[in-house]
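Student: Supplied in structure tokens, the structure appears directly below.
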Amino acid sequence: MNLFFIILLILFSSAILAFISNRIVRGSSGIIAFIGITAASILFFTRLSIGNTYSFTLGGIQMQFGLNSFTYLFAIIVLGLGVLASLYSIQYMKGKERLGYFYFNFVLTILGMVGIIFSQDFITFFIFWEIMTWSSYLIVIYNGYSSSKVGIKYMIFSALGAYAMLTAIVSIKGIYGTFMIKDAIAAGAFNFTDHFYIPILLLIGFAVKAALMPLHVWAPKSYSMSPMSFTAIFSGAMSKMGILGMGLVLTSIYSHASPEVSVYSLILKQVLGWLGGITAVMATIYALIQTDAKKLLAYSSIAQLGYIVVGLSTGTKLGVMAALFLAVVHAIFKGTLFMVAGAVERQAGTTDMTKVSGLIRKMPYTFFAALLSIIALAGVPPLGGFVGKWMLYESLITESNNYFLVIVVFFSSTAAFLYSYRFLFGLFLGQEEKETEHVKEAPLTMVIPMLILALLLIVTGLYPGILFEPIAHGMEYLGYSHVNWDMSVLTNIWGEQTNMSYIFSLIGIVFVVVFIFITLKGYKGTRNVGTKEISTSGEIPLEHENLTYQMDFFKPFERAAAPLYKRSMNKIWNDIGNALEAVFNFTRKIYTGNGQTYALFVIIFLVILLIFKDSLFAN
2 MNLFFIILLI LFSSAILAFI SNRIVRGSSG IIAFIGITAA SILFFTRLSI
52 GNTYSFTLGG IQMQFGLNSF TYLFAIIVLG LGVLASLYSI QYMKGKERLG
102 YFYFNFVLTI LGMVGIIFSQ DFITFFIFWE IMTWSSYLIV IYNGYSSSKV
152 GIKYMIFSAL GAYAMLTAIV SIKGIYGTFM IKDAIAAGAF NFTDHFYIPI
202 LLLIGFAVKA ALMPLHVWAP KSYSMSPMSF TAIFSGAMSK MGILGMGLVL
252 TSIYSHASPE VSVYSLILKQ VLGWLGGITA VMATIYALIQ TDAKKLLAYS
302 SIAQLGYIVV GLSTGTKLGV MAALFLAVVH AIFKGTLFMV AGAVERQAGT
352 TDMTKVSGLI RKMPYTFFAA LLSIIALAGV PPLGGFVGKW MLYESLITES
402 NNYFLVIVVF FSSTAAFLYS YRFLFGLFLG QEEKETEHVK EAPLTMVIPM
452 LILALLLIVT GLYPGILFEP IAHGMEYLGY SHVNWDMSVL TNIWGEQTNM
502 SYIFSLIGIV FVVVFIFITL KGYKGTRNVG TKEISTSGEI PLEHENLTYQ
552 MDFFKPFERA AAPLYKRSMN KIWNDIGNAL EAVFNFTRKI YTGNGQTYAL
602 FVIIFLVILL IFKDSLFAN
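For the sequence shown, this note's numbering begins at 2 and goes up steadily by one.
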């Protein structure tokens, strides 16, 4: 049997076994899911080679599996994060209901994404896209009635994207006579010359999964209400399927743009670039006012995806490289942060940042993972997030000359530091609460995945060349010439070198000097005190009082940005939904159930035909 089928069969079999086994041995579903995903991953990375293909015919339609250097990059994200999230999930989901149901859909979602990566034709691509969508929907509604409305919104936007994609696929078959992705690209199906609506429809479908504004409104609650072990996959890997599709379409448009349609390509670059920038800014602004850590991370995830779209929109060598680098790093730190939120939720019972604080002493390993992830998210050196954002800024300035957009992106990145600090301070710093005195560190199988991902952020920051190699090969598949790089140096268009080792060495020296100074001078004549030993200004304390206030953390900022909060995209989409409902209610009244009314409609229709017969049936 072909390796592609074997890998997919392993995943499908483990999904079935996970569903059945929980009825026999309670709690075994998670272990089976982990073993199945791990086995499929080992087989993928050890036996499957880039360039392998396998063609088959189903119902008279030719289909093809394959692996290229571009999709291989996304396989690293999906399978790497899938293995760690499934290991994390064993303890996180322990004791919860309907574990068979959960793990069945968990593994099916992984299967759907792997199938998308394998797909070399639009039919196979669309089938696995729907498997991914439906299985993820069933997990979104896992918590029952409270999440049903969230699930409906997710499915409405997913259906919108699916119909857009399906319309484009049918159009490609009708116009170009092929379902093969490579043949369609070669035939110019994604060009703006004749059938510009085809790439636009595909971009709409992919933008839904990438949570690009204004198609993002399903994401905040879907991310925050799903079990955190799945949200690590939902945000970290599933969103990248939209990025994968957008990358294929956009690079095809830019590389095949003729002089006649180059102006349309330029407009597309500006529109997508600004949509990505606005997504980053607006999601950041909404993240600032969240008091629940899960909702904060959900908006943060949308903002980070905005940076990736900005990079892809440039179409330049450095811009696309920055986007793909950020896609991988985003999967790492966002997967880690959702796992951190899940660990806090499991151990402390809540992720409300106004009700829990001071967990740094209770959960030190979780704090360490959160700290590194927050540094990477904020784009602070020496971690991987800094490398990606540095390249993005440089591409916008030196290659795209889009100075206004780089200001917008830089503002969003700076503001991201504010909500990042709130997340870290709200959960881990400050005074310990009485309600969390019982809290202990998360179980080992939850801590290990978080620490592995957190350490990867250090590696990708100090040695970005580890990621540059697969990214460069993927870009060559997309038609870009080779990018000059080594383990820590990236050559820019001026011929100068961005030496990450040099930058990080300077930063390291500064940290060491500051640490020595604080150690020698800062602690002189001091003593260690607990977080509850507060100053009372000479007053006799009657009882413990918590002087760490976390409510209205950014109240002045919230007042300044009040006009932006009043008219959100959620309200706009709700207004559109209400208007459509009113139209449908009106049209429903036409169908009265009275035969005489229907006969009158027929007569009116015939009269209209007679009046306009000359113009309608003229040769």
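Yeah, the Cβ is synthetic: ideal placement off N, Cα and C, and Gly gets one too.
(1) What did DSSP end up calling Asp195 once you bin it into helix, strand or coil?
(2) Quick check on the DSSP output: the alpha helix (DSSP H) that includes Phe411 runs from which residue to which?
(3) Of the choices Tyr143, Glu98 and Val108, whose alpha-carbon is the least far from that of Arg24?
(4) Could you give the distance in angstroms between the alpha-carbon of Ser159 and the alpha-carbon of Gln432?
(5) For Gln65, list the residues DSSP reports as bridge partners.
(6) For Phe585, is the classification buried or exposed, using 16 other Cβ atoms within 10 angstroms of its Cβ as the cut-off for buried?
(7) The alpha helix (DSSP H) that contains Asn106, what's its start and end?
(8) Give the secondary structure of Ile214 by DSSP, where H, G and I count as helix, E and B as strand, and everything else as coil.
(9) For Val409 and Ala416, what's the separation of their Cα atoms in angstroms?
(10) Assuming Met451 is part of the alpha helix (DSSP H), what are its boundary residues?
(11) Can you tell me whether DSSP reads Met354 as helix, strand or coil?
(12) Can you list, in chain order, the residues of its chain with a C-beta nearer than 6 angstroms to that of Thr232? Leave out the 5 residues immediately preceding and following it.
(13) Beta carbon of Leu454, beta carbon of Thr317: below 9 angstroms?
(14) Could you tell me the alpha carbon to alpha carbon distance between Leu319 and Gly480, rounded to whole angstroms?
(15) How is Met226 classed by DSSP in three states: helix, strand or coil?
(16) Taking Leu245 and Thr72 to be in contact with their CB atoms under 8 angstroms, please state how far apart those CB atoms are, rounded to whole angstroms.
(17) Measuring straight from C-alpha to C-alpha, what distance separates Leu406 and Lys95?
(18) Quick check on DSSP: helix, strand or coil for Met181?
(19) Tell me Asp293's beta-bridge partners as DSSP assigns them.
(20) Output yes or no for whether 9 angstroms exceeds the beta carbon distance between Ala332 and Gly237.
(21) Give a yes or no on contact between the region 344-363 and the region 433-447, applying the rule of three or more CB pairs nearer than 8 angstroms.
(22) Taking Gly312 as the reference, give the member of Met283, Gln348, Trp275 and Lys296 with the closest Cα.
(23) Taking all protein chains shown into account, decide if Asn403 is buried (16 or more other Cβ within 10 angstroms of its Cβ) or exposed.
(24) Using only CA atoms, which one of Val341, Asp122 and Lys572 lies nearest to Leu425?
(25) With distances taken between CB atoms, is the gap from Gly622 to Ala19 smaller than 9 angstroms?
(26) On the premise that Ala379 lies in contact with Gly386, defined as a C-beta separation below 8 angstroms, what is that separation, rounded to the nearest angstrom?
(27) Go through its chain and collect everything with a Cβ distance to Gly462's Cβ below 8 angstroms, but skip five positions before and after it.
(28) Sorted by chain position, which residues of the same chain lie with C-beta nearer than 6 angstroms to Phe429's C-beta, five sequence neighbours on each side aside?
(29) Evaluate contact between the region 128-137 and the region 75-94, counting only Cβ atoms and requiring at least three cross-stretch pairs below 8 angstroms.
(30) For Lys335, which residues of its own chain have a beta-carbon under 6 angstroms away from its beta-carbon, when the five flanking residues on both sides are left out?
Tutor: On the basis of the coordinates in this document:
(1) coil
(2) Tyr404 to Phe429
(3) Glu98
(4) 43 angstroms
(5) Ser56
(6) exposed
(7) Leu100 to Phe119
(8) The sequence given here places Met at residue 214; Ile does not occur at that position. Met214 falls in the coil class under three-state DSSP.
(9) 11 angstroms
(10) Leu445 to Leu463
(11) coil
(12) Tyr224 and Phe339
(13) no
(14) 13 angstroms
(15) helix
(16) 7 angstroms
(17) 46 angstroms
(18) strand
(19) Asp353
(20) yes
(21) yes
(22) Trp275
(23) buried
(24) Val341
(25) No statement about residue 622 is possible, as the shown extent of the chain runs from 2 to 620 and does not include it.
(26) 7 angstroms
(27) Ala377, Pro382, Pro383, Leu384, Gly385, Gly386, Phe387, Val388, Met501 and Phe505
(28) Leu360, Ile361 and Phe368
(29) no
(30) Ser236, Gly237 and Ser302
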